[in-house]
Amino acid sequence: MGWKEYFLAAVIVNIFQMTIAFVIFSFQGVLPLNPQGFPGLSWDLAFMQVISFATNTNLQHYNGEGNCVQLPNCSNLTGVPGAPGLSYLSQMMAVQFLQFTSAATGISVAIAMIRGFIAHAKDLGNFYVDFTRSLTRILLPLCFVASLVFVGLGVPQTLTGYERIVSTVEGATQTILVGPVASLVSIMQLGTNGGGYYGANSAYPFQNPNPASDIFQIFLMLLIPTSLCFVFGQLIGKKRESRPILWGAYALFALDLLIAFIPSFPVVGPGMEVRFGGFFSVFWTVVTTTVTTGSVNASLSGVNPLVILSAFNGMLIQATPGGEGVGLMYMVMFIVLTVFIVGLMSGRTPEYLGLKITARDVKLVMIAFLVHPVIVLIPTVLAYSTGAASAIGVGTNSIGFTKILYEFTSAAANNGSDFLGASANTPFFNVSTAIVMFLGRFAPIALLLALGGSMINRKRLITDVGVRTDSFLFSIVIVGSILVLVLLTFFPFLALGPIREFFQGHANGF
Amino acid sequence: MQTDSRDRIMATRFSRMLSVRRPALVSRRVFIDSLVRLNPLRLVANPVMLIVEITFFIVAAMAIYPEGFPSVASLALQSFYVEVALILLITVWFSTLSDALAESQAKNTANSLRRLEMEVSSKKIFMEEGSKRIVPTPSRELRKDDLILLEKSDTVPIDAQVIEGIAMVDESLLTGESTAVRKAPGDDVIGGSQVLSDTLTVKVTVNPDETFINQMIRMVESSKRPKTPNEQAVTIVLIGLTAIFTILIGALLGVSLVLSLAADLSVLIALYVCLLPTTIGALLPSIGLSGISRLYKEKIVAKSGRAVETAGDTDVILLDKTGTITVGNRQAVEFVPFPGFNEKDVGEAAFLSSWHDDTPEGRSLIRLAYENGFVPKEMNSLDASEVYEFSASTRTSGVKLAGGTGFMLPKSGGTGRERGRLRRKFEPHVEGGVPIGSDEIEIIKGAPDAVKKIVKSVPADYDKIVQNISAAGDTAMALSRNREAIGIVRLRDVLKPDIKEKIMAVKVMGIRPVMITGDQPLTAKSIATEVGIDEYQPEAKPEDKYHIVKREQSETRIVAMIGDGTNDAPALAMADVGLAMNSGTQAAKEAANMVDLESNPAKIIEVVMLGKQLLMTRGAVTTFSIANDVAKYFAIMPVLFASTVPELKALNVLGLGLNTAVLSALIFNAIIIPLLIPLAMRGVTFKPSGTMTLFLKNTVIYGVGGVIVPFVGIKLIDMGISLL
């Protein structure tokens with residue numbers, strides 16, 4: 011397939027899957043496997059959620075365990091009143107289904123783009139083949155094993171409805187929703203989706219019962235994005251070319267960790283809600299944004315602003331190593347841009363993998379780079395100017411601004427972690443984030459597929475006198491260039507959000 | 076006519092002077108031109124600067140009528156607005172100034188060359204019913220295929236081909252070659268050269284606006300100059316960055332309004348302009364233009380800017396040995412006699428055989444013989460000698476001197492035809508083809524293997540001596556006297572000055588030099604080794620160049636080459652960078668993408684370096700411009716929301732004054748443009764080294780330096796302002 015065909019196939023398949031999920035979400039009240047009797051979701055929430063899951067974002071404006079007001083023993087049940095929940099059918103056939111397909115789509119498009127860079131490739135491959143193989147050869151087998159491990163670690167996997175926990179700390183009894191959690195957790199982490207079974211995500215004991223399951227989930231999140239860095243070199247036949255991608259990604263990851271840990275290790279800040287202590291909570295927060303998974307194991311509201319700054323970094327760069335497949339694509343985008351601007355200084359027409367960078371490549375890369383600021387900054391302003399932010403009680407102070415900026419950054423980066431949660435279940439936030447997620451996902455994919463497509467049949471230079479992109483020093487250059495390019499674009503907004511918050515907290519003796 | 080040619084000589088000298096003189100400071104004309112360019116309509120081609128000018132109008136409006144900008148401007152800051160507006164205008168002016176400077180510089184150089192092509196009245200031939208009519212026609216009205224008549228002391232009005240007649244033409248103004256060139260039917264004459272003798276009928280080969288010089292002049296008119304692919308790509312990056320920062324500032328204004336952060340529009344605009352890639356935006360046009368100027372100063376006409384950039388990418392460079400590596404003619408350095416003869420015998424024979432040989436090689440034989448005192452007593456009869464001209468089939472030349480009693484040729488040879496009849500073509504294979512009288516001396520000189528065939532007996536160590544000489548990189552020339560091999564002359568190639576260093580530089584930059592020569596392998600190898608070339612093609616035929624170009628290109632390498640002959644044309648056309656010599660044929664010049672007016676083939680190396688420098692300069696200024704933004708954030712962000720978000724004052728790492736920080740950043744942003752104009756015009760200086768080394772070195776200088784310099788610069792300016 012050419013890039014247009016490939017992209018069209020991906021979009022059509024995705025839209026078809028979204029339609030199925032939309033129907034399930036909307037009509038879950040009358041569909042089977044709904045022992046809790048949850049009603050169907052409102053159209054705007056269903057619309058936003060299908061896009062959220064299909065774009066690998068998993069921003070959730072609902073709580074999976076839902077609202078129990080209509081159940082007889084509601085007073086003993088957990089869950090946020092008023093927030094809609096999901097039936098077993100929705101959790102399995104809509105959420106898990108889209109978590110698999112979106113991850114498979116991400117892997118497929120990344121591989122397709124790489125094919126453009128492979129010498130003698132005739133086309134970008136066939137989307138249907140890539141998609142099916144990603145599912146059957148990577149995601150399903152790995153998730154099967156991971157689910158068993160989770161079950162072994164104590165994560166529920168059942169369709170029996172509510173489970174009665176006999177005693178709580180206070181000695182009372184409590185009824186908690188259980189369901190097919192283990193299978194969902196494995197794909198949500200492995201596929202860098204991040205949408206949890208429960209509203210509290212992996213901070214919830216049934217989704218993340220102990221430190222072992224916590225570490226295993228971190229491992230699953232990093233597994234495929236990291237592996238894809240190696241796949242790149244493997245596929246183009248120059249293993250060393252994986253280096254700038256892998257080293258660059260992990261250097262930036264390390265930098266994020268540094269920013270996050272400087273203020274908070276080993277002290278847990280006041281008001282920080284943690285189950286696994288400061289270290290694991292902060293580490294998780296950095297990892298989940300660095301691979302744009304978006305699952306959480308501690309509430310974001312309590313963490314130090316610099317941890318949030320580090321989370322922003324991960325989501326704004328999106329290539330550290332980034333989400334399933336797309337992280338790799340973004341890294342290639344940054345490399346092409348850097349090779350062009352900085353590489354000119356070597357006195358040769360910039361080339362990457364022996365391919366001369368043309369004006370059209372630069373145009374594609376610049377537009378892909380431009381997508382992000384547009385879809386993050388414009389909705390952030392709109393959220394305030396339309397009064398949508400104040401409608402859900404978000405203020406104009408630095409904390410409020412951080413929340414709104416984070417919401418759209420997370421949506422644009424297809425991350426999915428957020429401050430707002432079910433409180434953002436309003437038509438404005440549902441529709442705006444849906445649009446942002448869709449554009450944040452498919453616009454860069456289209457542009458970077460076009461980049462890969464334009465490399466096909468291009469003359470490849472076998473000369474080895476160009477800039478060595480596989481060298482250690484180039485990896486340093488790429489890290490510097492990414493930091494300058496991304497931070498330049500978002501610095502004033504980060505300054506008004508987490509940085510300002512940090513200085514305020516600093517002044518207050520945080 | 077005389078004054079005209081003197082003018083032209085002056086023009087040439089002037090342009091030569093330019094190449095050593097530093098560009099003059101801003102002249103009145105450049106100054107006025109830079110002001111005219113401030114017209115927004117003329118800035119459309121430079122979007123970054125156009126936007127800066129638009130922001131100037133906005134801030135100017137704020138200064139005049141702040142009430143018109145509720146909640147983003149305040150009356151108290153009116154004088155500040157005036158200052159900001161002024162700096163913004165100056166920023167744009169610096170940019171137009173740089174354009175005007177570069178263009179005037181390029182035009183000056185081009186004009187000095189254009190004067191070579193001045194309006195000349197020519198004698199156009201009209202054919203009417205079998206009779207010719209000659210009409211004086213200005214050269215600009217000539218068209219391709221017109222016939223013109225050129226008489227003694229006429230200036231050739233335009234490039235043309237000789238149809239009829241033979242004449243001597245002076246091309247020194249164009250090529251620097253001082254000796255007059257003989258032009259016969261089929262040869263090309265170059266516009267601007269002068270006919271010294273006789274009459275020619277020539278056919279015009281180009282339309283007036285297609286001549287090289289005109290093509291070149293067109294390239295400096297910035298508005299018409301097409302952007303090179305690389306320039307286009309850089310422009311896209313600039314437009315992309317501009318779009319990003321426009322969204323950023325728009326959103327920041329929006330955020331400031333919705334969160335009631337009370338940012339002042341002028342400070343926001345200051346941040347915007349500081350972030351915009353103004354430095355590279357301002358200098359990008361002049362970088363390309365001054366690259367072309369530098370080519371002109373080297374007297375090279377490029378048909379497109381693209382070729383110059385491609386030159387920077389060269390992987391393989393084909394160098395003709397003669398003219399590029401060596402000065403073009405071999406010098407005799409030693410006489411080696413065969414047994415039974417002495418050096419004097421050889422020297423005298425060499426003297427006699429070369430008396431009629433006007434080639435530099437022949438002259439060097441005489442010089443060497445003369446210096447050693449080997450002046451033959453037969454010298455007096457030289458005027459009455461019979462000359463065997465060099466012929467390619469025999470590869471020998473020679474002379475036959477009649478003895479005292481022999482018949483003598485008329486001293487001045489009578490007419491050419493008479494002389495010619497007396498000359499017999501030397502036939503080496505016909506036994507006894509040339510009867511030699513008892514007191515006649517016949518001396519033949521030529522290639523050792525050719526001479527070997529005509530001598531009666533070959534001395535035992537003939538081959539050994541020849542081989543030794545070849546192995547040393549020299550060329551052997553055999554001499555025979557009356558069909559007896561008497562000795563060998565050792566001719567040495569003279570290397571061009573600096574050629575070793577140049578080839579070293581080329582190799583260090585990762586470019587593979589390949590030497591092409593007609594010499595035999597041993598000689599070729601020795602020369603190649605001496606200058607440090609690993610690859611060479613000995614005994615090359617003209618089509619070999621084409622095959623080498625094709626082979627290297629099939630291995631995806633970029634090939635640069637030089638050529639002059641018609642049989643070089645296919646290779647020149649195929650090579651990525653083809654530099655033709657102006658002294659070469661029209662076909663070669665058509666096929667090449669650059670022409671060297673001075674016909675110095677070694678310049679191909681300079682062209683490659685210039686191409687690299689051009690790309691480097693563009694990358695360096697772009698990187699520097701983007702890297703500068705980091706410091707500007709730290710200068711302006713603390714001030715932007717000073718009243719509402721005082722916490723951000725913690726970002727004021729430079730400790731700038733709150734009232735002066737914005738102005739300091741803006742002034743730095745503006746002043747860096749003129750400070751970098753010399754860099755843009757001259758190009759980044761670099762020591763030849765590997766691509767990766769250059770890349771890293773420049774990344775540190777312009778990338779890391781680009782982050783640090785503005786911190787220092789803004790702080791200094793801030794300290795300066797606070798002193799005022």
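If you read the protein sequences in the order shown, they are chains U and P. Be aware that the first sequence starts at 11, since it is given in my numbering, and climbs by one per residue. Be aware that the second sequence starts at 76, since it is given in my numbering, and climbs by one per residue. Built from N, CA and C at the ideal position, the CB exists for glycine as well.
Can you list, in chain order, the residues of its chain whose CB lies under 7 Å from that of U:Ile327, leaving out five sequence neighbours each side?
For U:Ile327, where only same-chain residues beyond five positions count, the Cβ hits under 7 Å are Leu262, Ile492, Val496.
Taking CB distances under 8 Å as the criterion, tell me whether U:Arg250 reaches chain P.
no
Would you grab the beta carbon distance between U:Ile34 and U:Met447 for me? Rounded to a whole angstrom, and I think it's under 8 Å.
U:Ile34 to U:Met447, Cβ: 19 Å. No contact.
Find the nearest neighbour of U:Met465 within the set U:Phe290, U:Asn220, U:Lys132, judged by alpha-carbon distance.
U:Lys132
Against chain U, does P:Gly730 count as a neighbour if the rule is that its beta carbon must be under 8 Å from one of theirs?
no
Sorted by chain position, which residues of the same chain lie with C-beta nearer than 6 Å to U:Arg510's C-beta, five sequence neighbours on each side aside?
Ser408
Pick helix, strand or coil for U:Gln254, following the three-state DSSP scheme.
In the sequence on display, residue 254 of chain U carries Pro and not Gln. In this structure, U:Pro254 counts as helix in the three-state DSSP scheme.
Comparing C-alpha positions only, which one of P:Ala695, P:Met124, P:Lys724 sits nearest to P:Phe709?
Of the candidates P:Ala695, P:Met124, P:Lys724, the one whose C-alpha sits nearest the C-alpha of P:Phe709 is P:Lys724.
Determine which residues share a DSSP beta bridge with P:Gly638 and list them.
P:Ala655
Whole-number beta carbon distance between U:Ser112 and U:Asp140, since they are thought to touch under 8 Å
That belief does not hold up - the Cβ atoms of U:Asp140 and U:Ser112 are roughly 14 Å apart, past 8 Å.
Give me, in chain order, the residues of the same chain whose beta-carbon lies closer than 7 Å to that of P:Phe144; leave out the 5 immediate sequence neighbours on both sides.
Met137, Leu340
In its own chain, which residues sit with a C-beta less than 6 Å from the C-beta of P:Ser429, not counting the 5 before and 5 after it?
Gly437, Leu440, Ile441
Can you name the start and end residues of the beta strand (DSSP E) that P:Phe201 belongs to?
196–203
Give me the residue from U:Pro331, U:Gly288, U:Val284 with the minimum Cα distance to U:Ile272.
Of U:Pro331, U:Gly288, U:Val284, the smallest CA-CA separation from U:Ile272 is found for U:Gly288.
Determine, for P:Glu802, whether the minimum Cβ-Cβ distance to residues of chain U falls below 8 Å.
Any question about residue 802 of chain P goes unanswered here, given that chain P covers just 76 to 799.
Does DSSP put U:Ala129 in a helix, in a strand, or in coil?
In the three-state reduction of the DSSP assignment, U:Ala129 falls in the coil class.
Report the partner residues of U:Ser311 according to the DSSP bridge assignment.
Looking at the DSSP assignment, U:Ser311 forms no beta bridge with any residue, so it has no partner.
Near P:Leu350, what residues of its chain come up, given a Cβ to Cβ distance below 6 Å and the 5 sequence neighbours on each side ignored?
Phe320, Asp704
Against chain P: residues of the region 353–377 of chain U by CB proximity under 9 Å
Within the region 353–377 of chain U, the qualifying residues are Gly353, Leu354, Met355, Ser356, Gly357, Arg358, Thr359, Pro360, Glu361, Gly364, Lys366, Ile367, Thr368, Ala369, Arg370, Asp371, Val372, Lys373, Val375, Met376, Ile377.
Any beta carbon of chain P sitting closer than 8 Å to that of U:Val496?
With 8 Å as the cut-off, U:Val496 does not count as an interface residue toward chain P.
Does the distance from the C-beta atom of P:Ile563 to that of P:Val683 stay below 8 Å?
no
Inter-residue spacing [alpha-carbon to alpha-carbon] between P:Glu34 and P:Ile591
Residue 34 of chain P cannot be examined here, being either before or after the span of chain P that is shown, 76 to 799.
Reference P:Ala151; option with closest CA among P:Leu750, P:Val787, P:Asn734
P:Asn734
Taking the alpha carbon of P:Pro596 as the point to measure from, which residue in P:Ile367, P:Asn543, P:Met691, P:Glu464 has its own alpha carbon closest?
Of the candidates P:Ile367, P:Asn543, P:Met691, P:Glu464, the one whose C-alpha sits nearest the C-alpha of P:Pro596 is P:Asn543.
Does chain P have any CB closer than 8 Å to the CB of U:Pro508?
Not an interface residue.
Identify every residue that forms a DSSP beta bridge with P:Thr212.
P:Ser197
Span separating the alpha-carbon of P:Ser154 from that of P:Leu346:
18 Å
When the distance is taken between beta carbons, is P:Met691 closer than 8 Å to P:Val782?
One thing to note: P:Val782 has its Cβ no nearer than 8 Å to the Cβ of P:Met691.
When the distance is taken between beta carbons, is P:Leu343 closer than 8 Å to P:Leu328?
In this structure, P:Leu328 sits near P:Leu343, with a CB-CB distance shorter than 8 Å.
By a C-beta neighbour count over all protein chains shown, 10 Å radius and 16 as the cutoff for buried, is P:Gly261 buried or exposed?
Burial check for P:Gly261: the Cβ neighbour count within 10 Å stays below 16, so the residue is exposed.
Could you tell me whether the Cβ of P:Ala717 comes closer than 8 Å to any Cβ of chain U?
no
For U:Tyr394 and chain P, any beta-carbon pair shorter than 8 Å?
yes
What is the rounded straight-line gap between the Cα of U:Ile345 and the Cα of U:Gly171?
50 Å
Whole angstroms are fine: how far does the CA of P:Ala547 sit from the CA of P:Ser601?
6 Å
So, are the CB atoms of P:Thr471 and P:Lys396 less than 8 Å apart?
no
Hey, P:Met756 and P:Ser361: beta-carbon distance below 8 Å or not?
Against a cut-off of 8 Å, the Cβ pair of P:Ser361 and P:Met756 comes out as a contact.
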